[in-house]
DNA sequence: ATTCGTACTGTAAGCGCTTACATTGATTCC
DNA sequence: GGAATCAATGTAAGCGCTTACAGTACGAAT
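Residue numbers (the numbering used here), protein chains in the order written: chain B, 1 to 339; chain Z, 1 to 339.
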């Protein structure tokens with residue numbers, strides 16, 4: 001009766017249709033180079049057997065996979081979600097499949113993921129931020145895998161990037177805070193190690209302080225992980241000092257939301273008792289009470305343009321052109337004048 | 001001088017180390033079956049050349065990839081993030097890599113993603129919910145790919161699943177709402193088509209109504225997409241009727257947050273003027289004001305157990321055992337007695 | 001009728017890896 | 001001392017696909 005039915009191969013299709021494997025392959029890849037009659041016969045066999053090409057074999061023989069890999073620091077909050085969604089949509093339109101991994105903000109895991117993706121034949125990679133071991137870039141170059149850096153932009157670094165200037169953006173926001181009369185500012189930054197976005201944002205605040213001729217001591221800086229609860233804990237730390245800050249600037253919206261929550265728990269009114277700011281302008285920023293003053297980042301645009309650029313790099317082998325996008329301030333309820 | 005340097009293969013390593021390809025392969029896969037001296041020589045060559053195994057070739061020859069694929073309806077909000085993170089962590093511990101795709105709630109795209117992942121050699125698949133074309137399951141069975149359904153559990157369906165009873169969970173919440181005296185209830189459901197979770201949750205509310213001997217007209221049901229803004233729009237629709245509801249039950253927390261927001265914009269106090277409930281208990285539920293009454297789902301536990309179960313299915317080829325987890329109510333500020 | 005060109009199709013050589021099986025020495029045992 | 005055993009390594013046959021190259025048949029041009 002039935003053989004132990006294993007999954008059909010191109011060979012099976014060829015036999016069933018009474019043609020050579022080459023013809024079947026051509027049917028799949030260049031239908032117009034095959035006579036209509038033959039093609040119909042082959043397609044019939046394909047349907048009958050439920051044949052699906054083996055991707056690994058195809059990739060090995062053709063040296064292309066139409067797969068793009070992306071490694072983001074986290075899926076747990078929405079920071080990268082929107083941009084990535086746009087990235088995927090654009091890729092899909094161009095016939096590419098996106099595979100995503102998350103590194104939990106750990107360089108070690110990111111490296112593993114990069115290797116995993118490259119080994120699986122990714123034609124190109126999207127990475128968040130510049131800051132990683134040079135050996136990683138060396139490896140990627142040796143493997144000839146185009147890499148696009150996103151969510152950051154700097155003239156210093158050699159990698160092709162599509163992003164925005166984290167430092168300058170934060171400086172603008174900090175200037176606004178200073179303009180409102182705040183002179184003692186708590187800063188809740190993300191972990192700086194291996195995260196240039198966090199570094200740049202922090203630097204942006206320092207720059208504003210310096211260019212306004214204020215002392216570095218105006219700032220009380222805490223570094224913590226990007227979680228709501230961490231933001232809450234850090235808020236306590238930043239407030240439990242002698243010179244209580246009148247404003248707390250956070251490294252992103254997630255931290256800011258944590259701070260906002262803790263402020264409420266402590267019975268503080270925002271912004272009357274203390275102002276709080278975020279960064280990224282994720283959906284959350286407009287949902288919390290009070291709504292959050294933050295830096296708006298054009299996530300979807302960044303995702304789309306990154307897709308276009310990366311595909312272009314993959315297909316034409318060039319280094320691709322970097323592109324700087326503009327962020328903008330979103331002044332909302334959580335920021336007010338210093339009391 | 002330098003040849004156009006292409007990426008090194010196992011063969012290059014073998015030559016460079018002066019051994020056969022078999023020995024190199026063994027070095028990689030079963031180091032203890034190779035003499036220490038030889039092994040060192042081979043590893044030296046590997047480092048020198050910067051060799052990395054070609055995944056496609058390896059998969060093709062070994063028929064294993066140690067890759068698990070997951071397709072979730074969306075990355076845009078945090079519904080699946082936490083569970084998936086746990087899923088990934090557990091997989092990582094067991095030596096598997098997770099590749100994620102999102103289908104944007106579109107069955108068509110989900111099918112493509114499934115094929116893409118299978119073609120790329122995924123050893124197993126995690127899918128959300130049961131409801132999909134039978135041909136998909138047939139295809140997966142033919143390809144011999146173990147599939148685990150998550151985020152849902154039903155005794156009816158044949159697929160192995162790790163999840164919870166969406167219907168019964170929602171019934172419990174609805175009962176609570178009824179107990180508080182609500183008799184006119186607005187329902188903001190997710191789109192039911194191709195989404196058994198949405199269907200089950202809606203059914204859960206209907207069941208509660210029926211078992212309390214109340215007329216079906218107590219309910220005013222709106223179907224919409226799972227976005228905050230959709231929740232807001234639907235809230236308007238559900239409130240702009242003659243018999244204004246005293247409670248609005250939402251298909252998930254995202255919709256509920258939208259409703260909450262719009263309620264505030266309309267000047268309604270929650271829960272004094274209207275109660276609002278959600279489902280999932282994502283982080284957001286505790287952050288909004290007022291905090292959201294919802295159904296807590298053990299996301300992390302579900303993720304971990306799903307990983308264990310799926311790996312077991314992949315490695316032992318069995319159908320695996322389904323597992324029902326328990327949800328629980330989280331009564332918070334947004335639910336109060338009917339006025 | 002011969003010669004080409006054209007349009008299809010087939011042949012077979014890889015792509016980079018794993019693994020069953022064969023081979024080779026060295027060691028052990030009686 | 002020779003047979004048996006064993007650890008280490010090599011040989012080579014695929015895995016499923018693509019593609020350069022080589023036919024083959026047939027109508028058109030000469």
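We treat Cβ as the ideally placed atom computed from N, Cα and C, and that holds for glycine.
Item: Residue 68 of chain B vs residue 49 of chain B beta-carbon contact at 9 Å; Value: no
Item: Contacts of residue 101 of chain B in chain Z (Cβ-Cβ under 9 Å); Value: 88, 97, 98, 99 and 100
Item: Simplified DSSP state of residue 99 of chain Z, which is helix, strand or coil; Value: strand
Item: Where residue 161 of chain B falls: helix, strand or coil (DSSP); Value: strand
Item: Residue 171 of chain B - DSSP class collapsed to helix/strand/coil; Value: helix
Item: The segment 190-222 of chain Z: positions lying closer than 9 Å to chain B by Cβ; Value: none
Item: Nonlocal neighbours in the same chain, by C-beta distance under 6 Å from residue 163 of chain Z, ignoring five residues either side; Value: 150, 151, 152 and 153
Item: Neighbour-count burial assignment, residue 259 of chain B, 16 or more Cβ in a 10 Å radius; Value: buried
Item: CB contact check: residue 293 of chain B to chain Z, cutoff 9 Å; Value: no
Item: Whole-angstrom distance between residue 23 of chain Z and residue 36 of chain Z, CA atom to CA atom; Value: 12 Å
Item: Runs of alpha helix (DSSP H) lying entirely within the segment 92-154 of chain Z, each at least 4 residues, in chain order; Value: 107-119 and 134-142
Item: Residue-chain proximity (residue 85 of chain Z, chain B), Cβ-Cβ < 9 Å; Value: yes
Item: Secondary structure of residue 214 of chain Z, DSSP reduced to three states; Value: coil
Item: Residue 187 of chain B CB to nearest heavy atom of the ligand FMN below 8 Å; Value: Absent from the structure shown: the ligand FMN. Ligands present: none.
Item: For residue 347 of chain B, three-class secondary structure by DSSP; Value: No answer is possible for residue 347 of chain B: the residues shown for chain B start at 1 and end at 339.
Item: Residue 1 of chain Z classed as buried or exposed, judged by whether at least 16 other C-beta atoms fall within 10 angstroms; Value: Because residue 1 of chain Z carries a pLDDT of 30, less than 50, the predicted location of this residue cannot be relied on, and no value is offered for it.
Item: Residue 86 of chain Z vs residue 307 of chain Z beta-carbon contact at 9 Å; Value: yes
Item: Every unbroken beta strand (DSSP E) inside the segment 245-299 of chain B [3 residues or more]; Value: 247-250, 275-277 and 294-296
Item: Amino acids of chain B, ordered along the chain, whose beta-carbon sits closer than 9 Å to that of residue 158 of chain Z; Value: Within chain B, no residue comes near residue 158 of chain Z; the closest Cβ sits about 19 Å away, beyond 9 Å.
Item: Interface partners of residue 288 of chain B on chain Z, CB under 8 Å; Value: 287, 288 and 289
Item: Straight-line Cα distance separating residue 290 of chain Z from residue 131 of chain Z; Value: 34 Å
Item: Inter-residue CB distance, residue 53 of chain Z and residue 28 of chain Z (contact presumed, cutoff 8 Å); Value: 7 Å
Item: Collapsed DSSP secondary structure at residue 46 of chain B in the structure displayed; Value: helix
Item: Nonlocal neighbours in the same chain, by C-beta distance under 6 Å from residue 230 of chain B, ignoring five residues either side; Value: 224
Item: CA-to-CA distance, residue 8 of chain B to residue 56 of chain Z, given in whole angstroms; Value: 18 Å
Item: Classification of residue 240 of chain Z by the beta-carbon crowding that lies within 10 angstroms, buried from 16 upward; Value: exposed
Item: Residues that residue 57 of chain B contacts on chain Z, provided the C-beta gap is smaller than 8 Å; Value: 56 and 60
Item: Interfacial residues, the segment 258-270 of chain Z to chain B, with Cβ spacing under 7 Å; Value: 261
Item: Stretch pair the segment 69-82 of chain Z + the segment 267-284 of chain Z: three plus CB contacts closer than 8 Å; Value: yes
Item: Proximity of residue 338 of chain Z and residue 275 of chain Z at Cβ, strictly below 9 Å; Value: yes
Item: Pair within 9 Å by beta-carbon distance, residue 249 of chain B and residue 187 of chain B; Value: yes
Item: DSSP three-state assignment for residue 52 of chain B, whether helix, strand or coil; Value: coil
Item: DSSP three-state assignment for residue 330 of chain Z, whether helix, strand or coil; Value: strand
Item: Cβ-based neighbour list, residue 165 of chain B, same chain, cut-off 8 Å, excluding 5 preceding and 5 following; Value: 153, 154, 200, 324 and 327
Item: Sheet register partners of residue 70 of chain B (DSSP bridge); Value: B/100 and B/126
Item: Any chain Z beta carbon closer than 9 Å to residue 317 of chain B; Value: no
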